[in-house]
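Inspection log for the structure reproduced underneath, given as structure tokens.
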Amino acid sequence: MNTNLSKSVQYGFGLLSIAIISRWTSGNAVFTAPEAFLRYGFIGTVSFSAAGALAFLALIPIITRIRSSEESSSFLGIMASRLSEPALKWMKRVLLLAIFFGMTVMGFAAGILVFPLGTPVPAGMSLFFLFGFLAAIFFRLKWFTRFSMLKVGILFLIMIMILVHAYMLEGIEVVYDGIRLYHPYLLYVEWDILPLLLAAFTIAMLGHLLLDLKMWNMLLKSKREKLRLGLSMTGLIWSTIPFSFSMIALSAIYKGGFQNFYSVFEKIFLRYEHFTITILLIFILMVIFFETFLSQIHSLYVLYDRNDLKLNKHMWGILFLFVAAIPCWACLFSISLLDLFFISGVFFAAALPVILRILWSRKEKGMLMPAAVLIGTLSGWTFLFFSEGPYSILFGFAASLIVSFIGWAAGRKEY
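Note that my numbering numbers the sequence shown so that position 146 is 130, with each residue one more than the last.
This is the structure:
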């Protein structure tokens, strides 16, 4: 089985930064940060943006250690050499769930995009998933994922254009005065929740980064001496995306209140005099999200070979899950994209100690690894019913860490 997502490209720091930013141009970067801003105020978007930068910086010592060993050219190869066969089988299922969460985020973002056109978010999700899966099943669209530089350039162009239109034409002072009048709470900085949000966001994002197969492919294919600079640049540049879209959301609500988060982006896209501009912006962002979604599907084919009969057998079930079950779940429980971030964040936080232990120690490990992920995830999700999302992320991380530590201590004692 070919476990590489790219066969011949060796990234320098510039191309590495562009490729990683392209991979993580997701619904979380564009929509979750503005929703965090509307829920937690200015400190929410600052902590979200800073957490992304810190997560990329935290990758530097991890990938440096892995690259120095030159053990394998793929993440799956590394896990295969350090896990027993049953543990590897279950950790592949952990990676599969990570891919599913990534796909769900992209579908949610697509649903929010078409909301200004009068399409309910769950219906938009279903249509996006249906088109995306059918395109991936019946057509080989790998060529579509090769325009990372163009994709990143267009995204930043859109950001700049919307920001200029919002603040230069309306006036920065006018927007600021409107926010002070209608939403003064957004400007209030609650310093006491900054450590909580920063820690929770960073842990969840780092866990997600370490579970992404395409991310590992890029890091393992990059020039070793360029990794530190490349990841540092990536963190700094990526952090401008969620912050910029949060400021775009701010410019849409200075004239009055808003019903919900969806109505905020409805105001953003429908404030242009010519509806053609709205359609064009939505189409471009949809293409960007679709490219990221295809990369997730390709990761699925890397995890389980494209010609795997078992995968092909279950593909229609997966299609039903995304086209029908997940949109219905989001609709029935009124799940927002930030809520989805916390739900998936618990899982990624629970996986973080396990992945770090697998990467840091070359000794073979058993079923305790996937068990720690399961216990941490279920503990965090249970805690989520009684507390805020950031606390549940930390609780899931702590539970997984404790289980991993107990297993490590027991192994040392036996030895």
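All C-beta atoms, glycine included, are put in the ideal place defined by N, C-alpha and C.
Bear in mind that the values here come from a model prediction, so they are computed numbers and not experimental data.
Item to check | Residue from I4, L(-1), A13, L80 with nearest C-alpha to S223 | outcome: A13
Checklist entry - Are the Cβ atoms of G364 and A334 separated by less than 8 Å? => result Cβ atoms of G364 and A334: closer than 8 Å.
Item to check | Three-way DSSP call (helix, strand, coil) for L165 in this model | outcome: DSSP places L165 in helix when its eight states are reduced to three.
Checklist entry - Roughly how many angstroms lie between the CA atoms of Y166 and A94, to the nearest whole one? => result In a straight line, the C-alpha of Y166 is about 29 Å away from that of A94.
Checklist entry - Candidates A42, R51, Y238: which alpha carbon is nearest L193's? => result A42
Item to check | Counterpart residues of K349 in DSSP-defined beta bridges | outcome: L67
Item to check | Proximity winner among M199, F229, S10, relative to L286 (alpha-carbon distances) | outcome: One detail in the question is off: residue 286 reads as Val in this sequence, not Leu. It is M199 whose Cα lies nearest to the Cα of V286.
Checklist entry - Going by other Cβ atoms of all chains shown within 10 Å of its Cβ, with 16 needed for buried, is T260 buried or exposed? => result exposed
Next on the checklist: Quick test of your reading: F277 and M90, contact by CB under 8 Å. State the CB separation rounded to the nearest angstrom.
Outcome noted: Correct: roughly 4 Å between the Cβ atoms.
Next on the checklist: Tell me the residue span of the alpha helix (DSSP H) that contains Y285.
Outcome noted: Taken as a continuous stretch (DSSP letters only), the alpha helix (DSSP H) holding Y285 covers 259 to 287.
Item to check | Cβ-based burial, Q280 [other Cβ within 10 Å; buried from 16] | outcome: buried
Checklist entry - Do you know how far the Cα of K207 is from the Cα of G(-2)? => result 11 Å
Checklist entry - In or out: D176 buried (at least 16 other Cβ within 10 Å) or exposed? => result exposed
Checklist entry - Exposed or buried, R403, counting other C-beta atoms within 10 Å across all chains shown (16 or more means buried)? => result What is shown of the chain runs -15 to 399, which leaves residue 403 out entirely.
Checklist entry - Under the three-state reduction of DSSP, which class applies to F304: helix, strand or coil? => result Collapsing the DSSP output to three states places F304 in a helix.
Checklist entry - Can the beta-carbon of E209 be found closer than 8 Å to that of F99? => result No, they are not a contact pair.
Item to check | C-alpha gap between M133 and S6, whole angstroms | outcome: 8 Å
Checklist entry - Going by alpha carbons, who is nearest to F227 out of A3, I4, G25, S1? => result G25
Checklist entry - Candidates F379, A309, A308: which alpha carbon is nearest G329's? => result F379
Checklist entry - Alpha carbon to alpha carbon, how far is N241 from R164? => result At residue 241 the sequence reads Gly, which differs from the Asn that was named. Taking the straight line from one Cα to the other gives about 12 Å.
Checklist entry - At which residue ranges does the region 317 to 385 contain complete alpha helix (DSSP H) runs of 4 or more residues, listed in the order of the chain? => result 321 to 344, 352 to 368
Next on the checklist: Please classify K347 as buried or exposed, where buried requires at least 16 other C-beta atoms within 10 Å of its C-beta.
Outcome noted: exposed
Next on the checklist: Rounding to the nearest angstrom, what Cα-Cα distance links F85 and L322 in this structure?
Outcome noted: 13 Å
Item to check | Own chain partners of L182 with C-beta closer than 7 Å, once the 5 adjacent residues on each side are dropped | outcome: S31, A34, A35
Next on the checklist: Using a 10 Å radius around the Cβ and a threshold of 16 neighbouring Cβ atoms, would you call D161 buried or exposed?
Outcome noted: exposed
Checklist entry - How should F370 be labelled, buried or exposed, when 16 other C-beta atoms within 10 angstroms of its C-beta is the threshold for buried? => result exposed
Checklist entry - Can you tell me where the alpha helix (DSSP H) with S33 in it begins and where it stops? => result 26 to 53
Next on the checklist: Comparing C-alpha positions only, which one of L264, I221, L118 sits nearest to L101?
Outcome noted: L264
Checklist entry - Going by C-alpha distance, which of E157, K135, L197 is nearest I83? => result Out of E157, K135, L197, L197 has the C-alpha closest to the C-alpha of I83.
Item to check | 7 Å Cβ shell around I377 - same chain, five flanking residues per side excluded | outcome: A184, I187, A188, F326, G329, V330, A333, G364
Next on the checklist: Just to check my reading of the structure: Y151 and V159 have Cβ atoms closer than 8 Å, yes? What is that Cβ distance to the nearest angstrom?
Outcome noted: Yes, Y151 and V159 are in contact; Cβ-Cβ is about 6 Å, under 8 Å.
Checklist entry - Is the beta carbon of L220 less than 8 Å from the beta carbon of A37? => result yes
Next on the checklist: Considering only the alpha carbon of each residue, which of L190, M75, A355 lies closest to F389?
Outcome noted: A355
Checklist entry - What are the uninterrupted segments assigned as alpha helix (DSSP H) that are 4 or more residues long and contained completely in the region 223 to 262, given in chain order? => result 224 to 235, 245 to 254
Next on the checklist: Could you compute how far the alpha carbon of V143 sits from the alpha carbon of I27?
Outcome noted: Sequence check: residue 143 is Met here, not Val. Rounded to whole angstroms, M143 to I27 spans 21 Å at the Cα level.
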